[in-house]
Amino acid sequence: MAFFKKPIVIVVIILIVVLGAVFYFMRDDNVEPEFIVVKKGAIMQEVSVTGNVKPMTSVDLAFETGGKISAILADVGDFVGTDQIIARQDDSQLASQLDKARADLAAQQAELDKQNIILTNAYSSVANVLNDSYTKADDAVRNQVDAMFTNGETDNPQLNFSSNASQAITDSRNGRLASRAVLTDWNNKINNLDATSQDALYRALVESQKNLSIIRNFLVGLMDVLNQANGLSASALGTYKTDITTARDAVNTAQTNITNQIQTVDSQKAAVVSNEASVKSYRAGIRNIESQIVQKVLKSPINGIVTKQDAKTGEIAVANTTLITVLSTLYEIEAFIPEVDITKIKIGDFAKITLDAYGKDVAFEAKVVMINPAETMVEGVATYKTTLRFISNSKPVKSGMTANVDILTVKKDGALIIPQRAVFSKNGDKFVTLYDPSKDGGIGEEVKIIAGVRGSDGNIEVLEGLQEGDKITIDSRNQ
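In this text, residue positions in the sequence shown follow my numbering: the first is 118, and each later residue adds one.
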């Protein structure tokens, strides 16, 4: 108690009380409340989820056929390129079969070449046969039997003798006219024939055969007229018959030559076709053996790393049993987006990725490449599997790493923005409170707004109801 009786202590206490009273009574009861100025800026909406890193592609490799493993060319941990051989089965028997098949093909191809040469030679004889046949036919009509006609090369040929066979006389005259037309057309076609075209040569043979038939029929009819001739001496009759017989024999010979040539060509064409079929068969056999040899090799279909290698040299591999697994060196992220957020995301959206393995300071870029349309239930919640692909890798990644994914779904520059906490709802509409310094606490009029993007940073976009520079306050009564 002696302490408080000291004069200096008493003075200090009195000063403290007096100063406290002064500050209390001089305080400003009109301190201006806090307000928020409506401004323009960037607003972003993000969806944040957790996912896992997975290889873009994973392939399991197995031999298509059983067989003894002869070589292992890549082990676990080895990087392999596309089409690089990883393991091989013994294919020595197939290699021997392939050598034999190729030798057989070579022999059959040689036979085909031989038959083609024979066919070419057969066609090379066609022109001579055609010319010879035409010459025989022309001689038969215009030399051998022409003496029996007057004006034989005109449009009105007449027989030099009479006959009781009136119809045969008419037929003979018409036959002479037809023979002249046939010979003229035949000669023109032979002179203009393309001797390099096998099809043209063959058509000429067939047409020559028809021409010879027309001329032969004319000669046969002429003999019928002669057999009933009147007023001819025995000598003249005998001479005419000899001429017709000679002419007919020449035409018959020409017909035989044409027929034989057609048969030769047809036969040789058939031989070529048969040999072509054999060559095709041998080639098919070779392709079959080659495909079997291909099945004896395991190749990587992708650039990747071998993560499983169960093949061993000397073992008998069982067909279609997985022995090797290759993971792609390209990775993607698989995440499951809840249904409340999935409608915000679309293919092509960019994302920022951090991996637990590297911490938050190491960021990766990725892009949404697939959204599964079917739901996946996760702990009773409908989610949708979403795949993101790395755009750039600043650090190496591995399958199974945990990825923190922030998907940028909307970004707007120059948007009118305010804090979300300044917005309150009434009857399904959104409102803000204007700042009015003349009112108690600055609480002014409530204004209805139309909101846009809800940003991930706590701001919200205002589409209607406010202007840049407006002042609003947070009315705690509506919070």
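For every residue, glycine included, the Cβ atom is placed at its ideal position computed from N, Cα and C.
Pairwise C-alpha distance: residue j and residue i
i    : j    : result
V193 : T182 : 23 Å
S213 : V382 : 39 Å
L444 : N405 : 31 Å
I160 : V479 : 24 Å
D587 : V486 : 42 Å
G531 : G158 : 5 Å
A83  : I450 : No answer is possible for residue 83: it lies beyond the span of the chain, which begins at 118 and ends at 596.
S250 : V368 : 7 Å
D221 : N392 : 12 Å
K416 : A179 : 10 Å
Y399 : G517 : 52 Å
I235 : L343 : 46 Å
D427 : V411 : 20 Å
W303 : G402 : 49 Å
A138 : G575 : With a pLDDT of 47 at A138, under the threshold of 50, the modelled position of that residue is not reliable, and the figure given next carries that caveat. Distance between the alpha carbons of A138 and G575: 43 Å.
P274 : N268 : 5 Å
L349 : S241 : 47 Å
L580 : A568 : 6 Å
A244 : A227 : 27 Å
T301 : V390 : 36 Å
I419 : G198 : 6 Å
D311 : L318 : 7 Å
P172 : R506 : 10 Å
Reduced DSSP category for residue i - H, G, I as helix; E, B as strand; rest coil
i    : result
A351 : helix
L447 : coil
L440 : coil
K461 : coil
K588 : strand
N281 : coil
L276 : strand
N169 : strand
F142 : Its pLDDT being 41, under 50, F142 is placed unreliably by the model, and the measurement read from it follows with that caveat. Helix.
G558 : helix
F120 : With a pLDDT of 45 at F120, under the threshold of 50, the modelled position of this residue cannot be trusted; read the value that follows with caution. Note: F120 maps to helix in three-state DSSP.
T550 : strand
N489 : strand
K565 : strand
V155 : coil
A499 : strand
V148 : At V148, the pLDDT of 46 sits below 50, so the modelled position is not reliable and the matter cannot be decided from this model.
Q214 : helix
T424 : strand
K231 : helix
When the options are compared against residue i, the one with the closest alpha-carbon
i    : options                : result
N328 : V299, N233, V258, L190 : V299
L440 : E163, V176, R571       : V176
N291 : N304, F467, T271       : T271
Q372 : V246, A218, G572, G338 : V246
N277 : D427, A353, F196       : A353
K413 : F335, Q210, F196, I153 : Q210
R259 : N233, R297, V243       : R297
G465 : L525, R320, S542       : L525
D360 : T370, L339, A346, Q378 : L339
K543 : K556, I535, E563       : E563
D458 : A223, S165, D557       : S165
I508 : Y501, E151, A483       : A483
K556 : G545, D546, T590       : T590
A387 : D216, L229, D553       : L229
A188 : T287, R365, A434       : A434
A191 : Q201, G184, K185       : Q201
S573 : D553, G558, I535       : I535
N208 : G184, K253, G355       : Residue 208 is actually Asp in this sequence, not Asn. If we check each option's Cα against that of D208, G184 comes out closest.
For residue i, the residue or residues it bridges with in DSSP
i    : result
L525 : E163, F467
R506 : E449, K484
R205 : A188, V414
F89  : Nothing in the structure corresponds to residue 89, since the chain is present only between 118 and 596.
N576 : P536
E581 : I567
I419 : Answer by DSSP bridge pairing: none, since I419 is not bridged.
M494 : A499
A520 : G168, L472
D177 : T442
Anticipated Cβ contact below 8 Å, residue i with residue j, distance rounded
i    : j    : result
L583 : I566 : 6 Å
I454 : T503 : 5 Å
T174 : A452 : About 18 Å separates the two Cβ atoms, so there is no contact after all.
R533 : E585 : Note that residue 533 corresponds to Leu in the displayed sequence, not to Arg. About 6 Å separates the two Cβ atoms, so the contact holds.
V570 : V527 : 5 Å
I375 : S314 : Going by Cβ atoms, the distance from I375 to S314 rounds to 18 Å, so no, they are not a contact pair.
D195 : V423 : 5 Å
I307 : N248 : 7 Å
Q380 : N281 : That pair is no contact at about 42 Å.
Neighbour flag for residue i against chain B, beta carbons, 9 Å
i    : result
A434 : Absent from the structure: chain B. Only one protein chain is present.
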